[in-house]
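FYI, in my numbering the residues of the sequence shown are 35 to 171. A short worksheet on the structure shown next.
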Amino acid sequence: MLEKLGLCKKWINRILACLTSIFISILVNDCSTGEFRPGKGIRQENPLAPFFFLIVSGGLAKMIRQTKKLNMLQGVKVGSTELEICMLQYADDIIFICENNHQNVNSLKVVLVCFKVISRLKINFHKSKIGGIGISD
């Protein structure tokens with residue numbers, strides 16, 4: 035998936051090294067955070083989790099743009115220029131903003147299920163609400 039996002043082999047190898055090496059350390063403002071051992075997979079408490087989530091969520095944003103381009107998803111127009119917004123991201127949270135109709139709900143669900151399969155991230159559909167319409171598995 036990282037190659038499909040446009041990352042070069044060098045960065046993919048660095049990310050894989052972080053996931054498979056015995057100990058890793060992060061430099062923040064030229065200061066080491068100290069060494070820590072990564073667990074099996076990436077957990078929320080892993081200091082690298084937010085960075086990896088941002089990389090992977092770029093793939094989700096690309097899928098949403100493509101769905102919008104195919105007229106399968108309609109966002110909400112805002113401002114005097116009527117900029118169409120479908121998705122907002124902040125840290126590890128994503129908010130979908132779309133017209134309130136069943137086509138958008140179905141399109142979002144298809145995109146999220148595909149994203150779940152590709153990224154292997156878990157999506158809690160029971161927590162999701164779109165336009166007051168609950169989404170379930």
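C-beta: ideal position from N, C-alpha, C; glycine also.
CA-to-CA distance, residue j to residue i, given in whole angstroms
| i | j | result |
| --- | --- | --- |
| residue 118 | residue 104 | 14 angstroms |
| residue 96 | residue 59 | 31 angstroms |
| residue 70 | residue 135 | 47 angstroms |
| residue 145 | residue 101 | 8 angstroms |
| residue 81 | residue 87 | 11 angstroms |
| residue 127 | residue 91 | 10 angstroms |
| residue 84 | residue 116 | 31 angstroms |
| residue 62 | residue 45 | 18 angstroms |
| residue 25 | residue 89 | Since the first residue of the chain shown is 35 and the last is 171, residue 25 is not available in this structure. |
| residue 129 | residue 47 | 31 angstroms |
| residue 133 | residue 99 | 15 angstroms |
| residue 41 | residue 65 | 26 angstroms |
| residue 109 | residue 67 | 41 angstroms |
| residue 180 | residue 143 | Lying before the first or after the last residue shown, residue 180 is absent from the chain, which here runs from 35 to 171. |
| residue 113 | residue 123 | 19 angstroms |
| residue 156 | residue 49 | 20 angstroms |
| residue 170 | residue 111 | Note on residue 170: pLDDT 45, under 50, position unreliable in the model; the coordinate value appears next. Those two C-alpha atoms are separated by around 27 angstroms. |
| residue 51 | residue 57 | 10 angstroms |
Span of the beta strand (DSSP E) around residue i
| i | result |
| --- | --- |
| residue 130 | 127-130 |
| residue 156 | Counting along the chain, residue 156 falls outside any beta strand (DSSP E), and DSSP gives it neither H nor E. |
Contact belief for residue i with residue j at Cβ below 8 angstroms, rounded distance in angstroms
| i | j | result |
| --- | --- | --- |
| residue 131 | residue 120 | 6 angstroms |
| residue 93 | residue 153 | 7 angstroms |
| residue 107 | residue 138 | 6 angstroms |
Chain B within 9 angstroms of residue i, Cβ atoms only
| i | result |
| --- | --- |
| residue 63 | The displayed structure is made up of one protein chain only, and chain B is not part of it. |
Check your understanding: What are the uninterrupted segments assigned as alpha helix (DSSP H) that are 4 or more residues long and contained completely in the stretch 87-121, given in chain order?
Key -> With a minimum length of 4 residues, no continuous alpha helix (DSSP H) run stays inside the stretch 87-121.
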